[in-house]
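Peer 1: In this note's numbering, the protein residues as written are 22 to 72. Handing you a structure now.
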Amino acid sequence: MYSLIVTAKMNGVDPQAWPADVLAHIAAHPAHRLDELLPWNWTSALSAQAA
C-alpha cells in the first residue's frame, strides 16, 4: 500500500482520490486499457474526459 501512495505522490496525483477512483471504475474498465488507470496515466485520462 505504501508503494502505491508514494507512486501517486511522485506522479503528482492525489493519493486518496486516485485509488478511490480506480476502485470505483476498474470493474467496468476494459482489461486491455488497464494502463490508463496507472497513476502516471490517470491524470491525463481525467484531462481527456474534461475536454
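We put the beta carbon where it would ideally sit given N, CA and C, even for glycine.
In the DSSP assignment, find the alpha helix (DSSP H) that holds Ala29 and state where it starts and stops.
Peer 2: Counting from 1 along the sequence shown, the entry for residue 29 is found at position 8. Per DSSP, Ala29 belongs to the alpha helix (DSSP H) from Tyr23 to Met31.
Peer 1: Around the C-beta of Trp61, are 16 or more other C-beta atoms found within 10 angstroms, so that it is buried, or is it exposed?
Peer 2: One-based indexing of the sequence shown puts residue 61 at position 40. With fewer than 16 Cβ atoms within 10 Å of its Cβ, Trp61 is classed as exposed.
Peer 1: State buried or exposed for Val27, treating a residue as buried only when at least 16 other CB atoms are found within 10 Å of its CB.
Peer 2: Here residue 27 is taken as the residue at index 6 of the sequence shown, counted from 1. By the neighbour-count criterion, in which a residue is buried when 16 or more other Cβ atoms sit within 10 angstroms of its Cβ, Val27 is exposed.
Peer 1: Considering only residues of the same chain and omitting the five flanking positions on each side of Trp63, which have a CB-CB separation below 7 angstroms?
Peer 2: Position 42 of the sequence shown, counted from the start, is the residue given in the question as residue 63. Taking C-beta separations shorter than 7 angstroms and ignoring five residues to either side along the sequence, the partners of Trp63 in its chain run Val34 and Trp39, following chain order.
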